[in-house]
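Trainee: Residue numbering for the sequence shown follows numbering that gives the first Met the number 0, starting at 0 and increasing by one per position.
The beta carbon of each residue, even a glycine, is placed where N, CA and C say it ideally should be.
This structure is a prediction, so every number in the text was calculated from the model and none was measured.
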Amino acid sequence: MLKNRKARRGIGFLAAGIILLSAVFMFNHVQKDPVIYGNDEASIIEAIKSTKGLESSEIKIVDIADFDNNRIVGFYFDNKPGYVQFTKNEEGNYGLVVMQTGGNPNIQAFLIRGLPKEDHPPKFMIMTSEQNQAAKLALRVNNEVIPQEIQTGQQSALWIDLAEADKYSYSFQYYNEKGEPISP
0 MLKNRKARRG
10 IGFLAAGIIL
20 LSAVFMFNHV
30 QKDPVIYGND
40 EASIIEAIKS
50 TKGLESSEIK
60 IVDIADFDNN
70 RIVGFYFDNK
80 PGYVQFTKNE
90 EGNYGLVVMQ
100 TGGNPNIQAF
110 LIRGLPKEDH
120 PPKFMIMTSE
130 QNQAAKLALR
140 VNNEVIPQEI
150 QTGQQSALWI
160 DLAEADKYSY
170 SFQYYNEKGE
180 PISP
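1. Assuming S42 is part of the alpha helix (DSSP H), what are its boundary residues?
2. Can you check whether the CB of I145 is closer than 7 Å to the CB of A133?
3. Are at least three pairs of beta-carbons, each pair with one atom in the segment 53–67 and one in the segment 36–43, less than 8 Å apart?
4. Please look up how many angstroms separate the CB atoms of G37 and F85, rounded, as I've assumed it's under 8 Å.
5. How close, in whole Å, do the beta carbons of F123 and Y82 come, if the pair is a contact with beta carbons under 8 Å?
6. Contact check, Y187 vs L136 under 8 Å by CB: the rounded distance?
7. I'd like to confirm the pairing. Which residues does DSSP put opposite T127 in its beta bridges?
8. By the 10 Å Cβ neighbour count, where 16 or more other Cβ atoms means buried, how is Y173 classified, buried or exposed?
9. Helix, strand or coil for N69, going by three-state DSSP, please let me know.
10. Here's the rule I'm using: 16 or more other beta-carbon atoms within 10 Å means buried, otherwise exposed. How should M126 be labelled?
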């Protein structure tokens with residue numbers, strides 16, 4: 000009887016050990032949904048493509064700008080402009096925070112907020128495509144005009160710093176190379 004009890008106990012320990020080892024193996028080796036970070040251009044494209052509706056889109060990164068622990072990326076998907084913002088976590092990886100896309104394929108302005116205010120005021124990022132004909136921009140923000148030169152004939156991102164304010168009202172006027180007003 001004592002031998003049987005020891006044998007059963009041994010089998011029980013063996014079974015528990017196998018179950019424990021199986022659980023550890025499953026925990027460490029079963030494929031989990033990987034978190035996609037914006038640490039480099041390849042992972043940024045992967046993060047953009049993980050967004051519903053953009054899975055099969057052609058992505059072209061135009062600009063990557065780092066502001067302390069924030070990374071802003073201007074990109075084109077299927078010739079439409081967009082930007083994505085990442086924030087660096089404690090492990091040093093850039094996690095996706097927000098993404099926005101625009102409707103004008105030639106020239107699109109995005110108001111970028113949420114950067115550390117002490118070092119980085121809010122900004123406009125102006126995205127342009129190869130078809131953009133606007134060579135100049137008059138950005139009116141809270142009744143102050145900020146003139147800017149814009150690149151034509153190529154995809155680009157232009158950054159415009161804004162003065163700190165509680166609210167922003169803004170408008171855009173675009174001009175061709177001759178200085179004539181145009182509608183992009």
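Mentor: The short version:
1. Mapped onto the sequence shown, residue 42 falls at position 43. S42 -> alpha helix (DSSP H) spans 40–48.
2. As a working mapping, residue 133 is identified with position 134 in the sequence shown. As a working mapping, residue 145 is identified with position 146 in the sequence shown. Annotated as distal: A133 and I145, with beta-carbon spacing of 7 Å or more.
3. Segments in contact, yes.
4. Numbered from 1 along the sequence shown, position 38 holds the residue referred to as residue 37. Numbered from 1 along the sequence shown, position 86 holds the residue referred to as residue 85. Indeed, because the Cβ distance is near 4 Å, the residues count as touching under 8 Å.
5. Here residue 123 is taken as the residue at index 124 of the sequence shown, counted from 1. Here residue 82 is taken as the residue at index 83 of the sequence shown, counted from 1. At roughly 11 Å, the Cβ-Cβ gap does not stay under 8 Å, so F123 and Y82 are not in contact.
6. The question about residue 187 has no answer here: the residues shown for the chain are numbered 0 through 183.
7. What you label residue 127 is simply residue 128 of the sequence shown in a count that begins at 1. Note: T127 sits in a beta bridge opposite I106, S155.
8. Numbered from 1 along the sequence shown, position 174 holds the residue referred to as residue 173. When all chains shown are included, Y173 counts as buried.
9. Here residue 69 corresponds to residue number 70 of the sequence shown, with the count starting at 1. When DSSP states are grouped into helix, strand and coil, N69 belongs to the strand group.
10. Within the sequence shown, numbered from 1, the residue matching residue 126 stands at position 127. M126 is buried by the Cβ-count criterion.
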